[in-house]
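First comes the structure, then the notes that go with it.
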Amino acid sequence: MNTKSVSSPIGSFDAFYNQIGLYKLSFIGQSQSKHPKDKKLQKSIDNFFSNKGLQLIPTMDLQGTEFQLRVWNALCSIPKGSTASYRSIAEKIGSPNASRAVGTACKLNPIPLFIPCHRVVKQDHSIGQFALGTKNKKFLLKMESL
153 MNTKSVSSPI
163 GSFDAFYNQI
173 GLYKLSFIGQ
183 SQSKHPKDKK
193 LQKSIDNFFS
203 NKGLQLIPTM
213 DLQGTEFQLR
223 VWNALCSIPK
233 GSTASYRSIA
243 EKIGSPNASR
253 AVGTACKLNP
263 IPLFIPCHRV
273 VKQDHSIGQF
283 ALGTKNKKFL
293 LKMESL
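Residue numbers (our numbering): 153 to 298.
Have a look at this one:
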């Protein structure tokens, strides 16, 4: 296992790698990471926050249940600048009554930003929750809508 760090306008992240690829991007907020900088991943993060999108997506090793993997895959299909409801994601993956479970899968998303759970909102279009904080969710949605 290898751990490196990246920084962003919303805070710092520790990036955890195994022999396959990135398996966790852990938000540490305004704290300073003790791990060395990940120059390649930092370039991806910089592109994302300069509103160029995710042009350089790292190899990822997603680990989760079959349901979580289906949710995370569906999240990746939400276009930049768009949102989808928890219900619409549940319907898209063939589990129309699983809106709450979709929310849980979003909460457990191991690689935020690259798996854009911030693009998922409530059915009434209110912002909903976000593992990195609602302030950061609002920031990301506003940034992507420009």
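Yeah, the Cβ is synthetic: ideal placement off N, Cα and C, and Gly gets one too.
So, using beta-carbon positions, are Pro210 and Phe165 closer together than 9 angstroms?
-> The residue given as residue 210 occupies position 58 in the sequence shown. The residue given as residue 165 occupies position 13 in the sequence shown. No.
Report the rounded CA-to-CA distance for Gln184 versus Val273, giving the unit in angstroms.
-> Position 32 of the sequence shown holds residue 184. Position 121 of the sequence shown holds residue 273. If you take the alpha carbons of Gln184 and Val273, they lie about 30 angstroms apart.
Would the beta-carbon of Pro188 fall within 9 angstroms of that of Ser160?
-> By one-based count along the sequence shown, residue 188 stands at place 36. By one-based count along the sequence shown, residue 160 stands at place 8. Cβ distance not < 9 angstroms, so Pro188 and Ser160 don't count as in contact.
Could you check if Ile197 is buried or exposed, using at least 16 other CB atoms within 10 Å of its CB as the buried criterion?
-> Taking the first residue of the sequence shown as position 1, residue 197 is located at position 45. Buried, by the Cβ-count rule.
CB-CB length for Asn203 against Met295, believed under 8 angstroms = Here residue 203 refers to the residue found at position 51 when the sequence shown is read from its first residue. Here residue 295 refers to the residue found at position 143 when the sequence shown is read from its first residue. About 6 angstroms; that satisfies the 8 angstroms criterion.
CA nearest to the CA of Asn154, picked from Gly163, Tyr169, Arg222 = By 1-based counting over the sequence shown, the position of residue 154 is 2. Measuring from the Cα of Asn154, the nearest candidate turns out to be Tyr169.
Where Ala236 and Asp190 are concerned, what is the direct C-alpha to C-alpha distance, given to the nearest angstrom?
-> Your numbering for residue 236 matches position 84 in the sequence shown. Your numbering for residue 190 matches position 38 in the sequence shown. Looking at the two C-alpha atoms, the distance is approximately 31 angstroms.
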